[in-house]
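These notes concern the structure reproduced below.
There are 4 protein chains.
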Amino acid sequence: MTKRIRVGILGATGAVGQSFIRLLHDHPWFELADLAASERSAGKRYADAARWIGGGAVPESLRDVRVVAAEPGAVQADVVFSALDSGVAGEIEMAFARAGKLVLSNARNYRMEPDVPLVIPEVNPGHLGVLERQRAARGFPGTGGIVTNANCSTIVAVLALAPLHQRFGIEKMFVATMQAVSGAGYPGVPSLDILGNVIPHISGEEEKVETESLKMLGGYRDGAFVPASIAVTAHCNRVPVENGHTVCLSLGFRVRATPEQVAETLRAWEGDALARGLPTSPARPVIVTDEPDRPQPRRDVDAGRGMSVVVGRVRRDPLLDVKLVAMGHNTVRGAAGASVLNAELLARMGRLPGSEGGAFP
Amino acid sequence: MTKRIRVGILGATGAVGQSFIRLLHDHPWFELADLAASERSAGKRYADAARWIGGGAVPESLRDVRVVAAEPGAVQADVVFSALDSGVAGEIEMAFARAGKLVLSNARNYRMEPDVPLVIPEVNPGHLGVLERQRAARGFPGTGGIVTNANCSTIVAVLALAPLHQRFGIEKMFVATMQAVSGAGYPGVPSLDILGNVIPHISGEEEKVETESLKMLGGYRDGAFVPASIAVTAHCNRVPVENGHTVCLSLGFRVRATPEQVAETLRAWEGDALARGLPTSPARPVIVTDEPDRPQPRRDVDAGRGMSVVVGRVRRDPLLDVKLVAMGHNTVRGAAGASVLNAELLARMGRLPGSEGGAFP
Amino acid sequence: MTKRIRVGILGATGAVGQSFIRLLHDHPWFELADLAASERSAGKRYADAARWIGGGAVPESLRDVRVVAAEPGAVQADVVFSALDSGVAGEIEMAFARAGKLVLSNARNYRMEPDVPLVIPEVNPGHLGVLERQRAARGFPGTGGIVTNANCSTIVAVLALAPLHQRFGIEKMFVATMQAVSGAGYPGVPSLDILGNVIPHISGEEEKVETESLKMLGGYRDGAFVPASIAVTAHCNRVPVENGHTVCLSLGFRVRATPEQVAETLRAWEGDALARGLPTSPARPVIVTDEPDRPQPRRDVDAGRGMSVVVGRVRRDPLLDVKLVAMGHNTVRGAAGASVLNAELLARMGRLPGSEGGAFP
Amino acid sequence: MTKRIRVGILGATGAVGQSFIRLLHDHPWFELADLAASERSAGKRYADAARWIGGGAVPESLRDVRVVAAEPGAVQADVVFSALDSGVAGEIEMAFARAGKLVLSNARNYRMEPDVPLVIPEVNPGHLGVLERQRAARGFPGTGGIVTNANCSTIVAVLALAPLHQRFGIEKMFVATMQAVSGAGYPGVPSLDILGNVIPHISGEEEKVETESLKMLGGYRDGAFVPASIAVTAHCNRVPVENGHTVCLSLGFRVRATPEQVAETLRAWEGDALARGLPTSPARPVIVTDEPDRPQPRRDVDAGRGMSVVVGRVRRDPLLDVKLVAMGHNTVRGAAGASVLNAELLARMGRLPGSEGGAFP
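Residue numbers (the working numbering), protein chains in the order written: chain A, 1 to 361; chain B, 1 to 361; chain C, 1 to 361; chain D, 1 to 361.
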């Protein structure tokens, strides 16, 4: 048995931090070495510092772990997952990278930087090639660096779009999302705002969908990202759902395609070979359903242990070519699970500190 | 004081029927003469026959009224509002029209017929001109006839679209709806299907939005309807909201327009002069809000006593021209209130049995 | 027309403050002179300082009013309604009373003090007699003083209990509440905590029900409160309801009573004569329903414009004598409306500054 | 490897039937031989006959199984689980018992019969002794018979009550429930009735709690059931929760007990030794939490894979002795899982057809 790689979580007490804990507390490749959070929590037992908001309870093995401060000097691991709020993530993540740590980040701060990879392993693993340039340009020592994953609703959309873009070339797309409250963290959305209601606005979200998707669907050539050339418009809405973002998509292609071809393409897609069979990989990144009224967050959110995107209602679009509905788990595939999968990919590639020599095939 | 016009309700015990009762039980122009329902209910006291599902209780004056069968011979009034389910509406409404009754219908059965008006008073009152042709063609005696109003989500959308189509000419539009459960009637949507969930499918709804909107936004020339020439695609979703359909719209115009021009046009619009100041008319058919996160069903659904559509988030659309959100009360403006307003318009025009001679200016 | 009494609101920007604004912005006896809030809000336009959380929008007449600091020197009115959080209410309310202002408070801080009246006008108006003693003991000048209303769930329960206690003498009672999220203010309960969930705990609530109810159902003799001698136990729960607290009650009486006698007693009860016909009084303080599955918050919360408590399911209790369900609007009858009704009662009694000489009969 | 026992499900297409399928489709002791339902479904593929309402999809191995009619002649298995609605369960279950089949029933029809066991394995396995008397009295051939489990809310309450009754003797108890919508089956509760609402009434439920609990907590002596002598009152409410019934309990004991003693008794309790370690047994039938605001349905419903009851808020009761909150999964522990556990207990006892000779220890 290979030695597991020690990892830490920055922002371990918050909502996304707790998602990381669910995924990492008994991970086959990673060993949870540091739970880091704000000064206020540092020094406390994790069970005291965190208000556990999901189902069940804090894993027994972590209840008594002392929380450390989210500073490079206080964290032992060389690989850290960042569940930090964007208000503080910029500074802290940079400090960790400068200290030679590899940061896998959920925060939006560096996603659109020209030397920062924004990656979904099944879609654009090649973007990780930019890491060397990043280190050189920014002077990060050793294996220091920042790898990001996209906004939750964008990840759900891009997993459904990538196979179609690869085959038919998307030219135009309309996106309308209905997003779960867990996407806003905790305490997040007040119940008085959302019970029996729809809020047709999520701050900054439409812009993220309209830009991050193009970076991930685009290429990486000669050391630079080339965003996909797609005209996109997004409408983002908050709905009274706990977990699971639903995304309605109307698509226009370069190469005309029928709904049947689209469904068949999605069904056949397995994602980049590099991303298959990782510990957190789902059996299929995209699952296509024929049920007339699926996907639904309550019934499909746990498909592939929250790592699959479920696509349904693939049909002709009277304005563009094809329309469909995609749905995925926003705090698993769309947040913590995305970072963990990125880390697993890096480990397989031997690019994670401690993963050298093909130790994690 | 003018004598009120006697009216009846077909399907008076169901959800839409109850909405009619709320609007008509103390109406200044109409007197509720007949509460008609299925054979099963006929003969019962209304309070016993109807399971009252909204707030409050059955109006005191109607509790002891005996329900009659939904047959022309059992109904005294010459004007009837139809809240019938489409499964039975086709046959029954036709029987009433053939018996010389004027039917104001919520059902979908005859909406798209070439001699049946599909009307929103503020938008296309001129379409009522087809009634004479309808009577001649179908042999309806006297004032017999069928006037319809559109599907609930279509009405909400069209009220926001009409001012813009009139001024800028809509060429393309993308529609994504989030619809309240009351739109499915009672018992309607099982709670196990919708609590904390989104259902991305409402049977037949997308087709209605894609066709009914074009008929209402289109013209009526030489005795024929000329549908608007707009490329439309719709995504219809059910969400856990009681009342109020939210509609996200992306619009492409013939004459380019900025978000400011769109907002100003909507603010200035008062609808067709014929429809102003009717008993059920709202002060403004369309209200524009500048709040960044409105309209919201829970907070705005009662605007204009449920008869106004509230529009917000008017902004540039990166793919077409402008995008916005519209929201309106689906069982008031989108159903019973729509029929009542149509009847008031006909009364003002002197075209309702009993309204002759300018009695209802 | 009598001159209206100038009043202020302390904590005008919060959730309860907004409820006060709904009730007071066009009140026939009171004129809203001061909107006071924290230092942070002072100086801002009300529309900018308050995040309006209920339906509709800030009343037009108040949008541009400047918020003042919640300090006696900054507030002109001699009568102030306190919507302050208990964390700050203690000090601020005392400062106002010492400055000669009469404070009508929603906060829990002084409710159980032996010289502070805790009043429901229909139930125990006589408790206001303690005001003189309060002023003397505490050295409040002029008309300075503090009058409180109870916790929201307690008010709902006590309105149903008072008629029964007056006639049959309650000895024992079980109380189980299901309370709306608006009772926790705004932002209050996070949606992740309550969507599709029940929280079987509301901090301090059970103790309030168990003590405040006894003070209000008790007497006031020789200048002292004599709490009712009732053994009470309460279970308080939060449920995903917007407005309306539902209270299940099992009651044991001194004088045995049947469900029929209980229902008849509740139906006949009109409350203390002093409280009838005030501007905010409902037609009936308690409404009894025979429907087998009512009261329900969604359907009955607006009974009597939110000021009536609706009682249903009056039936035999196998353990004590009778059980029943009571439901009332927690932010109207249970909070702001309770304070306003207390103020109206004091105005009628000529005990409010500016109400002398029978000006408000 | 022992040969598995063939079992069938009556009412396999409904909501409870689907719960049985989840528990039985890969059960170590039982082999699902027959899926029986109404005439209307008979002959169809299961995937076509059942509208699958929970998460995920119909187990692959059952999609193509042909549904048979719920008649003894059409069902091969000698052991059948009944998920039938009480409207038809009486007749059908009796027909199966008369045909020599052992029926494990969820329906209320025979629960209170003097020769029918109403069993929770951890609580009153001895009641199964009545089966011989039942067979003799009713003339059931071979291993024919009827074994029932209680109503869902009663099971949750009784698991918390049994340890306390055994040690301290319960004399009086007050029960207030907040029950999930899944308890009403599918389509069950209309969303218009329950979204943002509480319904303070569930038909027949309070009577079931007040009687079934006494039978299960009572004894079985000389061939007869002796109900526990406890004065009980119940208030049953429906709340907008998907799964998990929450039960507030106030308890008065024969032997006075403190909250600490109560908590310690619950913590120590393992249930009857006969019921430990069965395939569906949870590690602990009752779990006690110290969190101040737990148990909560959304966070605790899956404890022990839905088979544990979680108890919290054990505290002094000012009127009786102790109060607490219990919560459990109504369609697992409170329905299908209860029947399956009863069957496993019978198999261990060698009393299930096919379990003779200690085959299932």
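Positions of the beta carbon are idealized from the N, C-alpha and C atoms, including for glycine. Just so we're clear, the structure is a prediction, and the values are computed from it rather than from any experiment.
Going along chain B, which residues have a C-beta under 8 angstroms from D300/A? Residues of chain B passing the Cβ test: none, with the nearest at roughly 10 angstroms.
For T280/B and P117/B, what's the separation of their Cα atoms in angstroms? A direct Cα-Cα distance of roughly 20 angstroms separates T280/B from P117/B.
Just the Cα atoms here: how many angstroms apart are G43/B and T148/B? Using only the alpha carbons, I get a separation of about 28 angstroms.
Length at least 3, wholly inside the stretch 203 to 277 of chain B: the beta strand (DSSP E) runs in chain order: Taking only runs of at least 3 residues, the beta strand (DSSP E) segments lying wholly in the stretch 203 to 277 of chain B are 219 to 221, 224 to 226, 231 to 238, 245 to 253.
Who pairs with H179/B in a beta bridge, going by DSSP? In the sequence as presented, His is not what sits at residue 179/B; that position holds Gln. Q179/B is bridged to R238/B.
Please confirm whether D317/C has its beta-carbon closer than 8 angstroms to some beta-carbon of chain D. Yes, D317/C lies at the interface with chain D (some Cβ there is under 8 angstroms from its Cβ).
Confirm, please, whether the CB-CB distance from E71/D to T154/D is below 8 angstroms. No, the Cβ-Cβ distance between T154/D and E71/D is not below 8 angstroms.
Quick one: grab the DSSP three-state call for A33/A. A33/A: strand per DSSP, three-state reduction.
Identify each residue in the stretch 214 to 233 of chain A for which the Cβ-Cβ distance to at least one residue of chain B is less than 8 angstroms, and report them in chain order. Taking 8 angstroms as the Cβ-Cβ cut-off against chain B, the residues of the stretch 214 to 233 of chain A that qualify are A231, V232, T233.
Can you tell me whether L23/B is helix, strand or coil according to DSSP? L23/B sits in a helix when the DSSP states are folded into three classes.
Check each residue of the stretch 186 to 218 of chain A: if its Cβ is closer than 8 angstroms to any Cβ of chain C, include it; give the result in chain order. Using a CB distance below 8 angstroms, the part of the stretch 186 to 218 of chain A facing chain C consists of Y186, P187, G188, V189, P190, S191, L192, D193, I194, L195, G196, ordered along the chain.
Could you pull out every unbroken beta strand (DSSP E) segment of at least 3 residues lying fully inside the stretch 99 to 125 of chain B, listed in chain order? The qualifying runs are 102 to 105.
So for P187/B, helix, strand or coil by DSSP? Here P187/B sits in coil by DSSP.
Please name the residue in F81/C, R111/C, R284/C whose C-alpha comes closest to that of A273/C. Nearest C-alpha to A273/C among F81/C, R111/C, R284/C: R284/C.
Go through its chain and collect everything with a Cβ distance to T265/C's Cβ below 7 angstroms, but skip five positions before and after it. The residues are P163, L164, R167.
Looking only at its own chain, which residues have a Cβ that is under 7 angstroms from the Cβ of V119/D, when we skip the five neighbours before and after it? Once the five neighbours on either side are set aside, the close Cβ partners of V119/D are P125, H127, L128, V147, N149, N342.
Environment of V332/A [buried if 16+ CB atoms lie within 10 Å]: V332/A should be labelled buried.
Closer than 7 angstroms by beta-carbon distance: list the chain E residues that pair up with L84/B, in chain order. In the displayed structure, chain E is absent; the protein chains listed are A, B, C and D.
Neighbour list for D293/D in chain C, Cβ cutoff strictly below 8 angstroms: Neighbourhood of D293/D in chain C, by CB distance below 8 angstroms: I199, P200, H201, in chain order.
Which residues in chain C sit within 8 angstroms of P240/A, going by Cβ to Cβ distance? Result: S191, L195.
Which of helix, strand or coil DSSP assigns to M94/C: M94/C: helix per DSSP, three-state reduction.
How close, in whole Å, do the beta carbons of L104/D and S82/D come, if the pair is a contact with beta carbons under 8 angstroms? Contact between L104/D and S82/D is confirmed by a C-beta separation of about 7 angstroms, below the 8 angstroms threshold.
Give a yes or no on whether the minimum CB-CB distance between G337/A and chain D is below 8 angstroms. Contacts with chain D at 8 angstroms (Cβ-Cβ) do not include G337/A.
Find the nearest neighbour of A176/D within the set L249/D, E93/D, A107/D, judged by alpha-carbon distance. The shortest Cα separation from A176/D among L249/D, E93/D, A107/D belongs to L249/D.
Mind listing which residues of the stretch 53 to 81 of chain A have their C-beta closer than 7 angstroms to chain C's C-betas, in chain order? Answer in chain order: I53.
Closest by C-alpha distance to S308/D, when choosing among A136/D, V158/D, E39/D: Out of A136/D, V158/D, E39/D, V158/D has the C-alpha closest to the C-alpha of S308/D.
Spatial neighbours of E242/A in its chain, beta-carbon cut-off 7 angstroms, leaving aside the 5 residues before and after: Leaving aside the five residues that flank E242/A on each side, the residues in its chain whose CB is nearer than 7 angstroms to its CB run, in chain order, A180, V181, S182.
Can you give me the start and stop residues for the beta strand (DSSP E) that R315/D sits inside? Where R315/D is concerned, the enclosing beta strand (DSSP E) stretches over 309 to 316.
Option in A338/D, G350/D, E206/D, F360/D with minimal Cα separation from V123/D: Nearest of A338/D, G350/D, E206/D, F360/D to V123/D, Cα basis: A338/D.
Hey, is the stretch 199 to 214 of chain D in contact with the stretch 194 to 212 of chain B, meaning 3+ C-beta pairs nearer than 8 angstroms? No, the stretch 199 to 214 of chain D is not in contact with the stretch 194 to 212 of chain B.
If you reduce the DSSP assignment to three classes, tell me which class F174/B lands in. Strand.
Beta carbon of E251/D, beta carbon of L319/D: below 8 angstroms? Sequence inspection shows Leu at residue 251/D; the Glu mentioned does not correspond to that position. In this structure, L319/D does not lie closer than 8 angstroms to L251/D by Cβ.
For R45/B, name the three-state secondary structure that DSSP assigns. R45/B falls in the strand class under three-state DSSP.
Taking H27/A as the reference, which of M178/A, A47/A, V262/A, L278/A has the closest Cα? Nearest option by C-alpha distance: L278/A.
G218/A versus D302/A - alpha carbon distance: If you take the alpha carbons of G218/A and D302/A, they lie about 29 angstroms apart.
Locate the beta strand (DSSP E) running through T154/C, then write down its first and last residues. Note, T154/C: premise wrong, no beta strand (DSSP E); alpha helix (DSSP H) at 152 to 168.
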